[in-house]
Every structure is written in structure tokens, then in C-alpha cells.
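So the structure is just underneath, and the comments pick up after that.
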Amino acid sequence: MQNFTYRNPTELVFGRGTIARLGKLIPADKRVMLTFGGGSVRRNGVYDQVARALEGREWVEFWGIEANPSVETLREAIALGKQEGVDFLVAVGGGSVIDGTKLIAAALLTDEDPWDLVLRGRAERTVPLATVLTMAATGSEMNSGAVISRYETREKYAFYGDYPRFSILDPECLYSLPARQIACGLADTFVHVLEQYMTTPGQSRLMDRWAEGILHTVIEIAPKIRENPRDYDTMSEYMLSATLALNDMIRMGVTQDWATHMIGHELTALHGLTHGATLAIVIGGTLRVLRDQKRGKLLQYAARIWGLTDGAEEERIERAIVRTEEFFRSLGLKTRLSEEGIGEETISEIERRFTAADDRFGEAQNVDGAMARRILEACL
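Here the sequence shown stands for residues -1 to 378, where the numbers follow the working numbering.
Below, the structure written as C-alpha cells:
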């Protein structure tokens, strides 16, 4: 294993009825701003639960953080927070609301434009924040990362702020989610694990088995969710799988990839595709183009996840990739760019962007513009 430092200060408050604890978890002397998305929390009762939990204290609300949080919208939230003297934030929503709130938390303490913070990539000082999770996918409720878009230039970049002080995870909040949102959340969770697992074999038995446990869980619960999306135990497994997939635990001391995510971010920036949907499309191309580099791990994945142990190595590898794509299709997701009407023009633009930024991703740092083109061409 490689050297590593691990720290995760987020307190998880998990289970039915835990939103009621929100008021006691926030320090009494804090001026609070609640951040929200488009209003689904009003329809599913989460807003009312939050309001009851905060009864007796004042707060400020900001609504309208998009599915791909834009710096344009977040500038408005930052202005409101500064005007109201906010010094504690609570993101009530899914990963996008939480990501946006991480940028707000950093920008409240500076006069810099928030996009400059995004371009710098990391903030050292932030206002404390917490989350009430309503959509399981990104793991943002227990990590320091965020992804922010700039609509006017069709750009999307990762940004790192602080970990939430605490996150409330009530699986019942997932009951009202549309089937497509759950499908994209499952895909996001699955590929988060692959980005940390599908790299170099023999680094850590422990990390491998932990990652494989999450992959098996997601595969097993996906059809159960389709049958009954209001089953508490199944939705609990889903919610916690998404959190554990990206809270830094399964990557301790091992190499990571993230090329699929970076290419997926560009597809979202250029076409507005849901993040999880882009991952379901790109991951197959990544695995096919980099199959020699990832051979040992692909064979392990084929055997341990899909039970593929017979036949030649190349056959097992291809069958494992096909089984992965079939899993995404079973969720109702597409696995080809052509199905979204995306072709050469977009591929050229993503290649150009990677090359201009001198981007290099993957465990071998070899996914540059030319390699990104090859991956995207394999996704057509």
C-alpha cells in the first residue's frame, strides 16, 4: 500500500426520524442559512420536518440550486448570506445542493469571485456546514469535494472545501424520488467505486474487498428498489452505499482513476446530461480502451463481481464489461453516446479542452486529450 493520511470529521446521523435532531446539532449561537434545490422538499414533507426541528430559532432560506449547481446561482446565495451575516449553513437536498453549499461556505469568507475559488480548486477557510440528505448518489454528505458549473462558458470543475460537520441521513427521504433519479444515483455510486477499485491489482486486499462489497450490494438492491422503492431496509442499504462509496475510506493507500468522471463532467457541461447518466455511458469506453493497463483488476472484477471464471482472459474481460453495461441498462440508463445524439463535434471539443488544460487523468496519468478521444469513440 502507498502512504496515506486519512481524516473524515463528518458525524453521520442515520435513520428514521433523525431530522428532528437538527436543531440540537446546530450550535445555538449560529446564524443559519438553509439551502435548497427546486422545491421537492416541500412536496415530500422534508421541509416541514426541518422547520419543526428548528422551531424557536430564526433562519434564512435560499432556494433554486440546480441539478448541476451553477456559479451564477451561487453568487446570489453568497450575496444573501453576507447580507444576513450567516455563519452556519445547512444544505437540504442531494449532492448538487450540498456541492453548491460547499462553495457558498468558502465564498462567505472572502471578497473573491466564487469562480476564482473554483479555478483555484481548494479553499482553506470555510463557514461550517451540515446536510440533510434527500438524494443518495454523490457521497458529498461525507466528503470535502464538490463539482461546480459555469453555464455562461459551459465549464464544470471540481472544487474542494470542508467536510460537513454532520449529515442527517433518513432513508425515508428517498421514498418519493423518481425512478430515473434513483437509477442515476445507483450508477454514480457504482462508478465511484470503480474509479478507486479498477486500477492496479495487488495493492490492498482490504480495500479490494471493501469496494467489492459495495459493488455487490448495489447490484443486489437495484432490482429490489424497482420492486418496492419504499422498503426501508433496502433504501437504507442504498443510502449508506452511496455515502461509503466516496467518503475516502475505500481508497486508502491505493491508486485511483477518475478519468471517467472528468470526461463525464464535460458531457454534462456541454449537453446538460445528468451526472450518473454520463458515467453509465463513459465507463464502458474507459474499460475497453484501457483494458491492457487494467487487465489484472478487470479479471479480478470479472471473477469476484460477475462470477466469470471460464474462457480466455480477453473473453472474460469483454463479458465483464458487457455485464456492467447490462446492469446500467437494467436501471433504464443508456450506454452509448449515439443514443443521446452526441458525436464527433462533442468528442473534438472534449479533446480540445483536455489538451488545452494539459489534463492527465487515470492511475497512470495517461488519459490526456488524445486518450479521451479514444475513450469517447469507444462509447459511440
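Cβ coordinates follow ideal geometry from the N, Cα and C atoms, glycine included.
Status (buried if at least 16 other CB within 10 Å, exposed otherwise) for residue i
i: Phe2; result: exposed
i: Asn66; result: buried
i: Ser346; result: exposed
i: Met140; result: buried
i: Leu167; result: buried
i: Ala354; result: exposed
i: Asp382; result: Any answer about residue 382 is impossible in this case: the structure gives the chain only from -1 up to 378.
i: Leu204; result: exposed
i: Asp27; result: exposed
i: Gly360; result: buried
i: Gly37; result: exposed
i: Asp206; result: buried
i: Met(-1); result: exposed
i: Glu235; result: buried
i: Arg41; result: exposed
i: Ala368; result: exposed
i: Glu225; result: exposed
Cβ separation of residue i and residue j, assumed to be a contact under 8 angstroms, to the nearest whole Å
i: Thr258; j: Glu193; result: 6 angstroms
i: Ala185; j: Leu331; result: 6 angstroms
i: Gly183; j: Ala243; result: Not a contact, Cβ separation roughly 10 angstroms.
i: Asp109; j: Arg29; result: About 19 angstroms; that fails the 8 angstroms criterion.
i: Ser138; j: Gly93; result: 4 angstroms
i: Ile24; j: Val48; result: Not quite, the Cβ-Cβ distance comes to about 11 angstroms (not below 8 angstroms), so this is no contact.
i: Met133; j: Gly91; result: 7 angstroms
i: Ser336; j: Leu378; result: 5 angstroms
i: Leu306; j: Arg314; result: 5 angstroms
i: Thr33; j: Leu87; result: 6 angstroms
i: Asp111; j: Met260; result: In fact, because the Cβ distance is near 24 angstroms, the residues do not count as touching under 8 angstroms.
i: Thr461; j: Glu323; result: Nothing can be reported for residue 461: it is not among the residues displayed for the chain, which extend from -1 to 378.
Residue i versus the options, residue with shortest Cα-Cα distance
i: Phe188; options: Trp208, Glu110, Glu170; result: Trp208
i: Leu106; options: Leu52, Glu74, Glu349, Arg334; result: Glu74
i: Ile76; options: Tyr4, Val191, Trp113; result: Trp113
i: Val130; options: Arg163, Ala103, Ala370, Leu265; result: Arg163
i: Tyr149; options: Ile279, Met369, Leu265; result: Leu265
i: Leu268; options: Phe60, Thr344, Thr8; result: Thr344
i: Gly270; options: Lys154, Ala368, Ala26; result: Lys154
i: Val39; options: Gly21, Arg317, Trp61, Ile340; result: Trp61
i: Arg5; options: Tyr161, Gly21, Gly43; result: Tyr161
i: Ile319; options: Asp357, Val11, Val280, Glu338; result: Val280
i: Gln291; options: Ala362, Ala370, Ile303; result: Ala362
i: Thr198; options: Val58, Tyr299, Leu10, Val95; result: Tyr299
i: Ile180; options: Ala103, Leu213, Pro227; result: Pro227
i: Thr215; options: Thr151, Asp231, Ser202, Gly200; result: Asp231
Closer than 6 angstroms: residue i CB and nearest the ligand SAM heavy atom
i: Val84; result: The ligand SAM is not among the ligands present in this structure, which contains no ligands whatsoever.
Contact the region 98 to 109 vs the region 137 to 148: 3+ CB pairs below 8 angstroms: yes
Could you tell me which whole beta strand (DSSP E) segments of length 3 or greater appear in the region 4 to 38? 9 to 12, 30 to 33
Count the CB pairs spanning the region 107 to 119 and the region 53 to 64 that are closer than 8 angstroms, and state whether there are at least three. no
Specify whether the region 254 to 268 and the region 221 to 241 touch according to this definition: at least 3 beta carbon pairs, one from each stretch, less than 8 angstroms apart. no
Quick check: the region 277 to 293 against the region 169 to 177, are there 3 or more CB pairs under 8 angstroms? no
Would you list, in sequence order, the uninterrupted beta strand (DSSP E) runs of no fewer than 3 residues that lie entirely inside the region 161 to 227? 164 to 167
At least three beta-carbon pairs within less than 8 angstroms, the region 320 to 336 to the region 220 to 228: yes
In chain order, what are the residue ranges of uninterrupted alpha helix (DSSP H) at least 4 long that sit wholly in the region 128 to 164? none
I'd like the ranges of any beta strand (DSSP E) spanning at least 3 consecutive residues and lying wholly in the region 256 to 292. none
Every unbroken beta strand (DSSP E) within the region 65 to 132, with a cutoff of 3 residues, ordered by chain: 86 to 91, 127 to 131
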